[in-house]
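**Student:**
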Amino acid sequence: MAKMEEVRKEEGNETHKRKKGGLRTMPFIFANKVCEKLAVFGFGTNMISYLTRELHMPLTKAANTLTNFSGTASLTPLIGAFIADSFAGRFWTITVASIIYQIGMISLTMSAVLPKFRPPPCTGNLPCQEAAPWQLYILYASLLLTALGSGGIRPCVVAFGADQFDETDPIQKTRTSNFFNWYYFCMGLSILVAVTVIVYIQENIGWGWGLGIPTIAMFLSIITFVVGYPLYRTFDPCGSPFTRLVQVVVAAFRKRNLPMVSDPNLLYENDKLDASISATGKLLHTNQLTFLDKAAIVTNEEAIKCLSPETTPNLWRLNTVHRVEELKSVIRMGPIWAAGILAITAGAQQGTFFLQQARTMNRHLTPSFEIPPGSMSVFTMLSMLITISLYDRILIPTARRLTGLNRGITFLQRMGVGYAILVPAMLVASFVEIKRKQVAADHGLLDNPHAIIPISVFWLVPQYCLFGIGEAFMSIGHLEFFYDQSPESMRSTAAALFWTSISAGSYVSTFLVSIVHKTTEWLPNNNLNRGRLEYFYWLITVLQVVNLVYYVMCAKLYTLKPLQVRPKEEAGEVELGNRV
204 MAKMEEVRKE
214 EGNETHKRKK
224 GGLRTMPFIF
234 ANKVCEKLAV
244 FGFGTNMISY
254 LTRELHMPLT
264 KAANTLTNFS
274 GTASLTPLIG
284 AFIADSFAGR
294 FWTITVASII
304 YQIGMISLTM
314 SAVLPKFRPP
324 PCTGNLPCQE
334 AAPWQLYILY
344 ASLLLTALGS
354 GGIRPCVVAF
364 GADQFDETDP
374 IQKTRTSNFF
384 NWYYFCMGLS
394 ILVAVTVIVY
404 IQENIGWGWG
414 LGIPTIAMFL
424 SIITFVVGYP
434 LYRTFDPCGS
444 PFTRLVQVVV
454 AAFRKRNLPM
464 VSDPNLLYEN
474 DKLDASISAT
484 GKLLHTNQLT
494 FLDKAAIVTN
504 EEAIKCLSPE
514 TTPNLWRLNT
524 VHRVEELKSV
534 IRMGPIWAAG
544 ILAITAGAQQ
554 GTFFLQQART
564 MNRHLTPSFE
574 IPPGSMSVFT
584 MLSMLITISL
594 YDRILIPTAR
604 RLTGLNRGIT
614 FLQRMGVGYA
624 ILVPAMLVAS
634 FVEIKRKQVA
644 ADHGLLDNPH
654 AIIPISVFWL
664 VPQYCLFGIG
674 EAFMSIGHLE
684 FFYDQSPESM
694 RSTAAALFWT
704 SISAGSYVST
714 FLVSIVHKTT
724 EWLPNNNLNR
734 GRLEYFYWLI
744 TVLQVVNLVY
754 YVMCAKLYTL
764 KPLQVRPKEE
774 AGEVELGNRV
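Note that the sequence shown ends on residue 783 in our numbering; no numbers are left out.
1. Under 8 Å by Cβ, that's how I've got ALA287 and THR296 pegged, so tell me the actual separation to the nearest angstrom.
2. Is it buried or exposed for SER571, if we count other Cβ within 10 angstroms and need 16 for buried?
3. Consult DSSP for SER695 and reduce its assignment to one of helix, strand or coil.
4. Put MET260 into one of helix, strand or coil per three-state DSSP.
5. Once you ignore the five residues that flank THR255 on each side, which residues in its own chain have a CB closer than 7 Å to its CB?
6. Do you know how far the Cα of ALA546 is from the Cα of GLY442?
7. Sorted by chain position, which residues of the same chain lie with C-beta nearer than 8 Å to GLN688's C-beta, five sequence neighbours on each side aside?
8. Rounded to a whole number of angstroms, what is the C-alpha to C-alpha distance between TYR710 and PHE272?
9. For THR515 versus ALA499, is the C-beta spacing smaller than 9 Å?
10. Between the region 234-247 and the region 408-427, do at least 3 Cβ pairs fall closer than 8 Å?
11. I'd like to check one pair, TRP410 with ALA315: are the Cβ atoms closer than 9 Å?
12. Looking only at DSSP bridge pairs, what is PHE572 linked to?
13. Between the region 651-665 and the region 552-564, can you find at least three pairs of beta-carbon atoms closer than 8 Å?
14. Considering only residues of the region 380-451, which uninterrupted alpha helix (DSSP H) runs meet the minimum length of 4 residues and lie entirely inside it, listed in chain order?
15. With contact counted as at least three CB pairs below 8 Å, one residue from each stretch, are the region 311-330 and the region 340-352 in contact?
16. Taking only three categories from DSSP, how would you classify GLN767?
17. What would DSSP say about PRO727, mapped onto helix, strand or coil?
18. Please classify GLY484: does DSSP put it in a helix, a strand, or coil?
19. Taking DSSP as the reference, what is the three-state secondary structure of MET564?
20. With which residues is SER659 paired in a DSSP beta bridge?
21. Can you list, in chain order, the residues of its chain with a C-beta nearer than 7 Å to that of TYR761? Leave out the 5 residues immediately preceding and following it.
22. Go ahead and pull the three-state DSSP assignment for TRP540.
23. Considering VAL635, what are the terminal residues of the alpha helix (DSSP H) in which it resides?
24. Take ARG639 and list the residues in its own chain whose beta-carbon comes closer than 8 Å to its own, dropping the five residues that flank it on each side.
25. Any contact of the region 613-628 with the region 731-751, i.e. 3+ C-beta pairs under 8 Å?
26. Within the continuous alpha helix (DSSP H) that includes PRO600, where are the two ends?
27. Judging by CA-CA distance, which residue of ALA654, SER717 and VAL237 is the nearest neighbour of ILE426?
28. Hey, GLN767 and LEU487 are a contact pair by Cβ (cut 8 Å); roughly how many whole angstroms apart?
29. Could you compute how far the alpha carbon of GLY283 sits from the alpha carbon of LEU682?
30. Is TRP702 helix, strand or coil when you go by DSSP?
31. On a Cα-Cα basis, can you pick out the residue from THR483, VAL501 and GLY307 that is closest to ASP834?
32. What residues in its chain sit with their C-beta under 6 Å from that of ALA632, if we drop five residues either side in the sequence?
33. Round the Cβ separation of MET629 and ALA549 to the nearest angstrom and send it over; I've been treating them as touching at under 8 Å.
34. Measuring CB to CB, does ALA334 end up less than 9 Å from GLY307?
35. Using only alpha-carbon positions, find the residue among ARG526, ASN235 and LEU521 that is nearest to CYS389.
36. Are the beta-carbon atoms of VAL299 and GLY355 separated by less than 9 Å?
Shown next, in the form of structure tokens:
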């Protein structure tokens, strides 16, 4: 009888496990991401038009405001990841952060609807009145709230979605790698709607509706995500990952004068202590950064205290090999992370100077309909979506037969292709700018910054498409890399690293624009036709070439993390113990 009862309990556990996670959770998670991205890009894509036309900001100030906001919004994920991994968990971090984001969107929409929150419209040829400081404070407060909300959403949603697949199951592990393609594809679809429908509403109906619809979408995303709670695989947070990293550094420093052990097998290991942070597998010792191994050297005094696996050592003096290797993994990812910064700097131009170029060009599809400048990024999204589809359906199966890898090509190779594509993308952008100004000169429009130059806006399509193709390789490869190579207890933090590279890239863009604007006449505030935007694009092209060479060197030297995967049954036991 006792044995039958035990069997029934095991079957119950298996049924419980089957009910949690898997493909059935994807509609709720993807619906949340689609609505959230619709909100983000619904006001972000065309925001430079709002700042320059509604708040009458100078062009370079508006461009820097947007890149600073993008940088801040991409830096706050470090805070959100810390909260999620330390004590709140990913589900509750996403939920609370979404509510904060919702408040920011409501505030921004109200400032667009109520006339007193904007300067008066321009009249005739008189100089436009810029927004008052208090009006800008409301704008900045709204943007700050959305940045804080993004900080909780961005690092957690992608990790939370990948968590729904059991990495100890060979079938589900392949779905984890496909998840990143699905994730980016759904995100691309929502962005496509944002840069077409939402931008059209902003340009032709009004900013009240143009911001109100993304605000409603954000509200729906919160509801959709919370409804799926009973189906999610959720786990207890494992404590502050930053504390564990600092503990390793402190312990290694304290033992800096100790001689290194002759055999790595003598270093301290405690599977029970590490169980909560190594549910799917244990990190194995590597021969890199060996000075950190001193944190796992067991002194004679510690050997007496730690004879029993039940004993928890003072982690500020002694750490396990697994915890030391966590820190090594993070350090090894650093150079690869840094390569994404200059790539983002190039991509940042799509929302600023690309858009201003489009505004001066002939955007008519028919005599009565013209494409809003902010909708030009639809070509980025379309090319990205097509590339992801071809990658998932054609490239991966073909490459899999040649390489024997489940992914087809490694995420390092995928990122490298993306970085390489950015070089011709910026070159094409510079040549198109030369052509645009040549046509303006031929028609005597160089000194008329508000005139529409008789050159089709479709000249910009190649550069937008190249950026879309590059992003399909670079950004998805980046996400895969951080999720796969990070310690499993730090995956929200690893996703935050992806966003911090975007943050750093945005700030570098701000720095470049500011320096170039102050020291040259390439980027004038009032008349792009008299500037030398192509020189600025060439500068970024050179930076992309340098970045590509740097990345190839880093990728060749990179060592994948060594992981001893737990048996499925053992991993399941740990998972059930950690599940909320």
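No residue lacks a Cβ here, since even glycine has one placed at the ideal position from N, Cα and C.
Here the structure is a predicted model, which is why all the values come from computation and not from measurement.
**Tutor:** Taking the geometry as given:
1. Counting from one through the sequence shown, the residue named residue 287 turns up at place 84. Counting from one through the sequence shown, the residue named residue 296 turns up at place 93. The pair is a contact, with the Cβ atoms about 4 Å apart (cut-off 8 Å).
2. The count along the sequence shown starts at 1 and reaches residue 571 at position 368. When all chains shown are included, SER571 counts as exposed.
3. Working through the sequence shown from its first residue, we reach residue 695 at position 492. When DSSP states are grouped into helix, strand and coil, SER695 belongs to the helix group.
4. For the purposes of this step, residue 260 is identified with residue 57 of the sequence shown, where counting begins at 1. In the structure shown, MET260 sits in coil (DSSP, three-state: anything other than H, G, I, E or B).
5. Position 52 of the sequence shown, counting from 1, holds the residue named residue 255. The beta carbon of THR255 lies closer than 7 Å to those of LEU262 and ALA265 in the same chain, with the five residues before and after it left out.
6. By one-based count along the sequence shown, residue 442 stands at place 239. By one-based count along the sequence shown, residue 546 stands at place 343. For GLY442 and ALA546, the distance between alpha carbons rounds to 33 Å.
7. For the purposes of this step, residue 688 is taken as residue 485 along the sequence shown, with counting starting at 1. Hits under 8 Å: SER532, ARG535, MET536, ALA697, LEU763 and LYS764.
8. Here residue 710 corresponds to residue number 507 of the sequence shown, with the count starting at 1. Here residue 272 corresponds to residue number 69 of the sequence shown, with the count starting at 1. The alpha-carbon atoms of TYR710 and PHE272 are separated by roughly 9 Å.
9. Stepping through the sequence shown from its first residue, residue 515 is reached at position 312. Stepping through the sequence shown from its first residue, residue 499 is reached at position 296. Not closer than 9 Å, so no.
10. They touch, by the three-pair rule.
11. Translated into positions along the sequence shown, residue 315 becomes position 112. Translated into positions along the sequence shown, residue 410 becomes position 207. Contact: yes.
12. On the sequence shown, position 369 is the one that residue 572 refers to. Looking at the DSSP assignment, PHE572 forms a beta bridge with THR569.
13. yes
14. Listed in chain order, they are 402-407 and 410-430.
15. yes
16. The sequence position of residue 767 within the sequence shown is 564, counting from 1. Residue state, collapsed to three classes: strand.
17. As a working mapping, residue 727 is identified with position 524 in the sequence shown. Of the three classes helix, strand and coil, the one that applies to PRO727 here is coil, per DSSP.
18. Numbered from 1 along the sequence shown, position 281 holds the residue referred to as residue 484. It is a strand residue.
19. In the sequence shown, counting from the first residue as 1, residue 564 sits at position 361. Three-state result, MET564: strand.
20. By one-based count along the sequence shown, residue 659 stands at place 456. DSSP, once it has assigned bridges, lists ASN565 as partnering SER659.
21. The sequence position of residue 761 within the sequence shown is 558, counting from 1. Excluding positions up to five away in sequence, the list reads ARG535, ILE539 and LEU615.
22. In the sequence shown, residue 540 corresponds to position 337, counting from 1. Helix at TRP540.
23. Position 432 of the sequence shown, counting from 1, holds the residue named residue 635. Looking at the DSSP string, the run of the alpha helix (DSSP H) that includes VAL635 is 614-645.
24. Reading the sequence shown from its first residue, position 436 is the one you call residue 639. Excluding positions up to five away in sequence, the list reads GLN560, THR563, MET564, ILE656, ILE658 and TRP662.
25. yes
26. Within the sequence shown, residue 600 is the residue found at index 397, counting from 1. Looking at the DSSP string, the run of the alpha helix (DSSP H) that includes PRO600 is 599-606.
27. Stepping through the sequence shown from its first residue, residue 426 is reached at position 223. Out of ALA654, SER717 and VAL237, VAL237 has the C-alpha closest to the C-alpha of ILE426.
28. Position 564 of the sequence shown holds residue 767. Position 284 of the sequence shown holds residue 487. Yes, GLN767 and LEU487 are in contact; Cβ-Cβ is about 6 Å, under 8 Å.
29. As a working mapping, residue 283 is identified with position 80 in the sequence shown. As a working mapping, residue 682 is identified with position 479 in the sequence shown. When only Cα atoms are considered, GLY283 and LEU682 end up about 17 Å apart.
30. As a working mapping, residue 702 is identified with position 499 in the sequence shown. The answer is helix: DSSP assigns TRP702 an H, G or I state.
31. This structure cannot settle anything about residue 834, because the visible part of the chain is limited to 204 through 783.
32. Looking up residue 632 in the sequence shown gives position 429. Only GLN666 and TYR740 meet the Cβ criterion.
33. Position 426 of the sequence shown holds residue 629. Position 346 of the sequence shown holds residue 549. Under the criterion of beta carbons closer than 8 Å, MET629 and ALA549 qualify as touching, at roughly 6 Å.
34. For the purposes of this step, residue 334 is taken as the residue at position 131 of the sequence shown. For the purposes of this step, residue 307 is taken as the residue at position 104 of the sequence shown. Contact: no.
35. To locate residue 389, count along the sequence shown from 1; it is residue 186. Checking every option, the nearest Cα to that of CYS389 belongs to ASN235.
36. Within the sequence shown, numbered from 1, the residue matching residue 299 stands at position 96. Within the sequence shown, numbered from 1, the residue matching residue 355 stands at position 152. The answer is yes: Cβ separation under 9 Å.
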